[in-house]
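If you're matching positions, the sequence shown starts at 534 in the working numbering and goes up one per residue.
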Amino acid sequence: SQLNLAKHLMVGANLTGSLSDKDRGSNSLSGMFSNAMAAVPTVVNKSPDGRYGGTNNLEDVQTVASPLWYMNQYKGDNTIRTFSSKFYANLNPIKGLNINGSYSYNYYDAKVTTQINQNDRWNFQTNTVLASGKTDLYITNTDARDVRNFMDADISYENRAFDDQFYFKAMAGASQEQYKYETFSATKYNLIDENLTQIGAATGEASASGSLSDWAMRSFFGRINLIWNDKYLVELNIRRDGSSRFVEDNRWGNFPSASAGWRISEESFMQPLKNSWLNNLKIRASYGSLGNNSVGNYESIPVLTTTQYPLNNLPIVGFYQSAIANANLTWESTYVTNLGFDFGLFSNRLTGTFDYYDKFTKNILISLPASLENGLVTFPKQNVAEVQNRGFEITLGWQDNIEEFNYFINGNLSYNKNEVIKFKGTEHALSGNLMTKEGLPINTQYLLVVDRIVQTQEDLNLIQKTIDNAPLDDKGNKLNPFPMGKPELGDFLYKDANNDGIINMDDRKTTGHGASPKFMYALSFGASYKGFDFSCQMDGVTDMQTYFQNDYYTPNLRHSNVINKDIAEGRWYEGRTSTATFPRFLLGNARNTTASDFWLQNSSYLKIRNIQLGYTLPKNLLSSLNVTRLRIYSGLENFFTFTDYSGLDPEVSGMGYPTMKQVVFGFNLSF
534 SQLNLAKHLM
544 VGANLTGSLS
554 DKDRGSNSLS
564 GMFSNAMAAV
574 PTVVNKSPDG
584 RYGGTNNLED
594 VQTVASPLWY
604 MNQYKGDNTI
614 RTFSSKFYAN
624 LNPIKGLNIN
634 GSYSYNYYDA
644 KVTTQINQND
654 RWNFQTNTVL
664 ASGKTDLYIT
674 NTDARDVRNF
684 MDADISYENR
694 AFDDQFYFKA
704 MAGASQEQYK
714 YETFSATKYN
724 LIDENLTQIG
734 AATGEASASG
744 SLSDWAMRSF
754 FGRINLIWND
764 KYLVELNIRR
774 DGSSRFVEDN
784 RWGNFPSASA
794 GWRISEESFM
804 QPLKNSWLNN
814 LKIRASYGSL
824 GNNSVGNYES
834 IPVLTTTQYP
844 LNNLPIVGFY
854 QSAIANANLT
864 WESTYVTNLG
874 FDFGLFSNRL
884 TGTFDYYDKF
894 TKNILISLPA
904 SLENGLVTFP
914 KQNVAEVQNR
924 GFEITLGWQD
934 NIEEFNYFIN
944 GNLSYNKNEV
954 IKFKGTEHAL
964 SGNLMTKEGL
974 PINTQYLLVV
984 DRIVQTQEDL
994 NLIQKTIDNA
1004 PLDDKGNKLN
1014 PFPMGKPELG
1024 DFLYKDANND
1034 GIINMDDRKT
1044 TGHGASPKFM
1054 YALSFGASYK
1064 GFDFSCQMDG
1074 VTDMQTYFQN
1084 DYYTPNLRHS
1094 NVINKDIAEG
1104 RWYEGRTSTA
1114 TFPRFLLGNA
1124 RNTTASDFWL
1134 QNSSYLKIRN
1144 IQLGYTLPKN
1154 LLSSLNVTRL
1164 RIYSGLENFF
1174 TFTDYSGLDP
1184 EVSGMGYPTM
1194 KQVVFGFNLS
1204 F
């Protein structure tokens, strides 16, 4: 709400709050989908009398849980309270002069109580307890709280001159933000009754922990806008940001930018075209810099952690340095050059934009591998890399009507090429199977290359030839060319990529073009006719690869000997000599699950995000109800996905929680 206190003074406030209550305490159910896919299909999840089932056959792995048992391992309460506020004021003492100020306060508090359920798992064939749920009862209370304070103020002046042909506006301002996050958690054992929810109802050993983390940022900024005759546009910006995450000498960063535009369609020589088919044409260019301070709050200073050690049979509390400081950390800076144009054709029924960009990021904050001499001490991020992103973005739209039938269609397409220009430190950095190296896209897959699945005598002869031609060591002894295991029928034969006669992890090669897609696109269209309306939104990516190989998607027998259907049908088995698409089944042997390009999947997708059908009632039916507008609608959200990816969701890594499908019914009401 807002209030005019005086002729030139307006004040206002926005206040919102929420209260949510969830069960199961802090249990996130992060492994529910893996358990659901690994569970034997014959497992009885839950009997009518409330008992949970398990695997019934002795040859099955007994640790696999029914999904319902997994969901109900814990009970408890998770109460979250939030409060957000913004108070603002605007003073307009003279024409063209505006003074603005605001203050925001956001509060979040989560109180969580977690207890374990003592649920047995039963073999219903023998009516015996397969796995007892009896355990030491305990209770955990956790309190997490964060507070954000933000304030800003700016002053601006705008005016026109030279018979209103020249417009200018100047603005200057400052802002400050502070964030604090605190946690406290206590656990106590020997809860006297599982129905009690207070930590005082436990009599056993107790432990507690807590943390506090905070950061702050202060900024100064300014902007100048110049427009001549509504044709020539110039904008100049400057920011100076200071972050508490850096030491004082590196705390501040300066980030200027400038842009210019030319509305060619307003020129006199363009009027014949403007009055016919080229209604709008504007070209623009910009160059500027942006700052990023995405590091830990304390990576630029030494961090100490408490520990305990025994002395004279007594626990002594001490401190040790758990993280090495990097006092040289500073702002990551991105410099962006953009060239583009906007257009409108045929009475602006056809509109579009085109942008070409070149983003060059310096002093990228990245974690480098630490030497073994540093032990378990955490290494901070360093400003060591430079990355370039080049690409383009195109948008097109058409809207028109045929009498009372109105329709529209909009689409966009973007392309991006990513490359590491400079990388300081070691020759490359590895994070799992992902490599960062000069000349490559960031996070490029680094994998063994599968030559074939061994299925024929010719394949076995090739393996024997590799053994016969194996290189010799310094003493003249023949080396083992297959240190990861000699391939047998049904196994992968990996390529000797470096041609040294030995197939090992040194034969890994980079493949693909990084973790991001090359192309992204979106399409939306809709129509309306006599109160009815329809719309559809979709988007997707192409030329994207994801490594997918886990307990669900593997030729290794795991979890009650359950196997993926595609792998089971495509596996090699005795007598199959040329048609196997997956290696043989193995138990407790990782030779065919070593990270290789075989497990790279095309994760391109097309998703229908929203389909909606609505009807707006005629106004003459609503006038007697004092209602100005009533629209009833139904829709499908995230209902259709088209992809070759074998995981749950191409937008979610591994077996993470997928985007949920929803059927929506609702109405919009205006008085």
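A virtual CB, placed ideally from N, CA and C, is assigned to each residue, including glycine.
The model shown is predicted, which means the values in this text are computed figures rather than measured ones.
Over the uninterrupted beta strand (DSSP E) stretch that includes residue i, give me the two end residues.
{"i": "Leu929", "result": "Gln915 to Ile935"}
{"i": "Leu601", "result": "Leu601 -> not in any beta strand (DSSP E); alpha helix (DSSP H) instead, spanning Pro600 to Met604."}
{"i": "Thr1174", "result": "Arg1162 to Thr1176"}
{"i": "Ile632", "result": "Leu630 to Ile649"}
{"i": "Lys815", "result": "Leu811 to Asn825"}
{"i": "Gln804", "result": "Careful: Gln804 lies outside any beta strand (DSSP E), inside the alpha helix (DSSP H) at Gln804 to Lys807."}
{"i": "Asn656", "result": "Arg654 to Asn656"}
{"i": "Gly1059", "result": "Phe1052 to Tyr1062"}
{"i": "Ala962", "result": "Ala962 to Ser964"}
Helix, strand or coil: which one does DSSP assign to residue i?
{"i": "Phe779", "result": "coil"}
{"i": "Ala1128", "result": "coil"}
{"i": "Thr1114", "result": "coil"}
{"i": "Gly944", "result": "strand"}
{"i": "Leu1202", "result": "strand"}
{"i": "Thr730", "result": "coil"}
{"i": "Ile1036", "result": "coil"}
{"i": "Pro843", "result": "strand"}
{"i": "Phe620", "result": "strand"}
{"i": "Asp1001", "result": "helix"}
{"i": "Asp610", "result": "strand"}
{"i": "Asp1182", "result": "coil"}
{"i": "Glu800", "result": "coil"}
{"i": "Ile672", "result": "strand"}
{"i": "Ile1144", "result": "strand"}
{"i": "Glu865", "result": "strand"}
{"i": "Glu1102", "result": "helix"}
{"i": "Ser833", "result": "coil"}
{"i": "Met543", "result": "strand"}
{"i": "Ser742", "result": "strand"}
{"i": "Met565", "result": "helix"}
{"i": "Leu1158", "result": "helix"}
{"i": "Asn758", "result": "strand"}
So the alpha helix (DSSP H) residue i belongs to, where does it begin and stop?
{"i": "Leu1150", "result": "No alpha helix (DSSP H) contains Leu1150, which DSSP labels as neither H nor E."}
Any heavy atom of the ligand FMN closer than 8 Å to the beta-carbon of residue i?
{"i": "Thr1176", "result": "Annotation note on the ligand FMN: not contained in the displayed structure, which lists no ligands."}
Please report the straight-line C-alpha distance between residue i and residue j, rounded to a whole angstrom.
{"i": "Asp933", "j": "Asn813", "result": "17 Å"}
{"i": "Ser1167", "j": "Leu1146", "result": "6 Å"}
{"i": "Phe1115", "j": "Ser947", "result": "36 Å"}
{"i": "Thr863", "j": "Ala749", "result": "15 Å"}
{"i": "Gly733", "j": "Ser618", "result": "36 Å"}
{"i": "Phe695", "j": "Gln1078", "result": "58 Å"}
{"i": "Met684", "j": "Ser635", "result": "6 Å"}
{"i": "Asn1002", "j": "Ala1113", "result": "28 Å"}
{"i": "Glu710", "j": "Tyr889", "result": "34 Å"}
{"i": "Leu1139", "j": "Asp1182", "result": "11 Å"}
{"i": "Ser1136", "j": "Asp1076", "result": "8 Å"}
{"i": "Asp556", "j": "Asp610", "result": "5 Å"}
{"i": "Lys540", "j": "Gly706", "result": "24 Å"}
{"i": "Leu963", "j": "Pro626", "result": "59 Å"}
{"i": "Ile1100", "j": "Arg985", "result": "16 Å"}
{"i": "Glu919", "j": "Ile899", "result": "10 Å"}
{"i": "Lys950", "j": "Asn656", "result": "56 Å"}
{"i": "Phe1198", "j": "Asn660", "result": "46 Å"}
{"i": "Phe717", "j": "Arg678", "result": "9 Å"}
So what does residue i bridge to, in DSSP terms?
{"i": "Asp992", "result": "Paired residues: none, contrary to the question."}
{"i": "Pro1020", "result": "In the DSSP output, where bridge partners are listed per residue, Pro1020 has none listed."}
{"i": "Lys955", "result": "Glu919"}
{"i": "Leu1133", "result": "Tyr1080"}
{"i": "Ser790", "result": "Asn770 and Gly821"}
{"i": "Lys1008", "result": "For Lys1008, which the question treats as bridged, DSSP gives no partner whatsoever."}
{"i": "Gln698", "result": "Gln698 pairs with nothing; no bridge assigned."}
{"i": "Gly1073", "result": "Tyr1054 and Leu1139"}
{"i": "Phe874", "result": "Ile816 and Phe887"}
Touch test, the segment 765 to 773 against the segment 784 to 793, Cβ-Cβ under 8 Å, three pairs minimum: yes
Whether or not the segment 986 to 994 and the segment 1008 to 1022 are in contact is what I'm after, with contact meaning three or more pairs of Cβ atoms, one per stretch, closer than 8 Å; do they touch? yes
Can you confirm whether the segment 832 to 840 touches the segment 797 to 805 when touching is taken to mean that 3 or more C-beta pairs between the two stretches lie within less than 8 Å? no
Would the segment 1121 to 1131 count as touching the segment 1147 to 1162 if we require 3 or more Cβ pairs under 8 Å? no
Between the segment 698 to 705 and the segment 725 to 742, can you find at least three pairs of beta-carbon atoms closer than 8 Å? no
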